[in-house]
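Structure first, commentary second.
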Amino acid sequence: MINKLLDNCFLTELNTIVTDVEEDNHLYWYAFKETVFFMKQGGMEGDIGVINGYEVLDVKIKDNKQWHLMAEEMQVGDAAFMSINLHERFRKCQIHTAQHLISALLCNVYKVDTLSHHVSDDENDIEFNLESFTDKMKNELMVLCNGLIRDDLEVTVLYPSRSEAALHAPAEKLNHEELRVVRIGALDYNLCGCMHVPSLRYLQMIYISGYEKTPRGYKIKYICGDQLLDSVSRRYKVLNEASQTLALSHLYLNTGINKLINEQKALSRDIVLWKQKYFVLLAEKLNKSDCTCVTYEFDDIDVKSLVQLAQYLTTEYQKPCVLLAKLYDKCHLVVGAPKDSHIDCSTCFKGIAQQFELNGGGSRTLSQGGGAYTKSLSDYVKAIQKL
Ligand SMILES: [Zn+2]
3 MINKLLDNCF LTELNTIVTD VEEDNHLYWY AFKETVFFMK QGGMEGDIGV
53 INGYEVLDVK IKDNKQWHLM AEEMQVGDAA FMSINLHERF RKCQIHTAQH
103 LISALLCNVY KVDTLSHHVS DDENDIEFNL ESFTDKMKNE LMVLCNGLIR
153 DDLEVTVLYP SRSEAALHAP AEKLNHEELR VVRIGALDYN LCGCMHVPSL
203 RYLQMIYISG YEKTPRGYKI KYICGDQLLD SVSRRYKVLN EASQTLALSH
253 LYLNTGINKL INEQKALSRD IVLWKQKYFV LLAEKLNKSD CTCVTYEFDD
303 IDVKSLVQLA QYLTTEYQKP CVLLAKLYDK CHLVVGAPKD SHIDCSTCFK
353 GIAQQFELNG GGSRTLSQGG GAYTKSLSDY VKAIQKL
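Take a look at the structure:
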């Protein structure tokens, strides 16, 4: 059904009266003599707004009537003053009209079809059955779009007869009871029931933000008008914060990030070297005890370092070892033995694991696992003399 009040996107207020009421789960659906609310269709979301100052919760078309859902109770014949959120509607109209423009340009230039259109808060996209798309085509499209916005082509809504429409549109597109056409200058003639801005200058600017290959062609991503300004503001805020943190201007942020990454890599390399030196000293200290098996409990070591230390002790000092790390209320236990020894670490670990409810396993030369840290496990490990 066609509502001609929607031909002017700036008509956002209306005095009317209630004609129908339907109760729905403690809420009420209302139909009015006329409405300025756009009902969701053609991929465009419905309007948001208020009636008599109360919020409209949803809108729908049913039985050829346009319904508005509200919590407040009204009677048939009551006066109603409608007011639409203009900012939200205008943004929607900009994005939708920009889609008409981009589609018209690509379809005219490359003889392709529009396959789908997707609108989101941050960025929109249109999918075309393009065989290829390049940065050069992207830039050309952006220049063309913004050139036409400067030219301020008129966007007009027409109600042609079937024979008039047949001069501009293929017959299969004319299968509607009433025909509503949206025309952009002499560039585009499109059957559409949605709302649009009155001329291209209201789009302010189109930014083609990227493109992406899809199974059917290419998705062209775009941002325009108020949405573009919001998007730039949001990104500037993030860039300003990052600039402040790194004490660099926007354009040098990447240089700063790369410098940080390189410093971090160098620090990681240093840690490995210092850890090696620490293991050498620690292994030397632990090996001084006269027992045939090295046992030790740590409360400041990570699992990876614990395993590396066990490997170092068994290869450099040819000593079996049982190393325990306390990790808050958990623990990790490593049992290691030199390659040529008769000791089977797997069996040794299994014995301890069963006794102290640990999980894990491993090979003859290195077995490990973890569970809850207990005082009895700690005492047991300290008392081990040989494996
Ligand atoms: Zn449209």
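Residues are numbered in the working numbering as their position in the sequence shown, beginning at 1, plus a constant of 2. Virtual Cβ for every residue (Gly too), placed ideally from N, Cα, C.
Under the DSSP definition of a beta bridge, Met84 partners with Leu16, Ile53. With the criterion CB distance below 6 Å from any heavy atom of ligand 1, the matching residues run His98, His102, Val184, Cys194, Cys196, His198 along the chain. Considering only Leu315, Met207, Val383, Trp31, the residue with the shortest C-alpha distance to Met72 is Trp31. Between Ala100 and Ile53, the beta carbon gap of about 30 Å keeps them out of contact (Cβ cut-off 8 Å). Going by beta carbons, Met41 and Lys62 fall inside the 8 Å limit.
In this structure, Lys328 lies away from Tyr280, with their beta-carbon atoms at least 8 Å apart. Under the three-state reduction of DSSP output, Asn5 falls in the coil class, being neither helix nor strand.
Rounded to the nearest whole angstrom, the C-alpha separation of Ala285 and Leu335 is 17 Å. Membership of Ser348 in the alpha helix (DSSP H) is indicated by the continuous run 347 to 358.
Excluding sequence positions up to five before and after Thr37, its CB lies within less than 8 Å of the CB of Asn5, Leu7, Leu16, Thr18, Gln68, His70, Met84, all in the same chain and listed in chain order. According to DSSP, residue pairing for Trp276 in a beta bridge does not occur.
With fewer than 16 other Cβ atoms inside 10 Å of its own Cβ, Gln246 counts as exposed. With 16 or more neighbouring CB atoms inside 10 Å of its own CB, Tyr209 falls in the buried class. Residues of the same chain with a CB within less than 6 Å of the CB of Met197, apart from the 5 flanking positions on each side, are Leu8, Cys11, Phe40, Cys95 in chain order. Nearest neighbour of Pro322 by Cα position, chosen from Lys341, Ile104, Asn192, Asp272, turns out to be Lys341. Separation of the CB atoms of Val324 and Ser369 is rounded to 10 Å, and the pair is thereby denied contact status at 8 Å.
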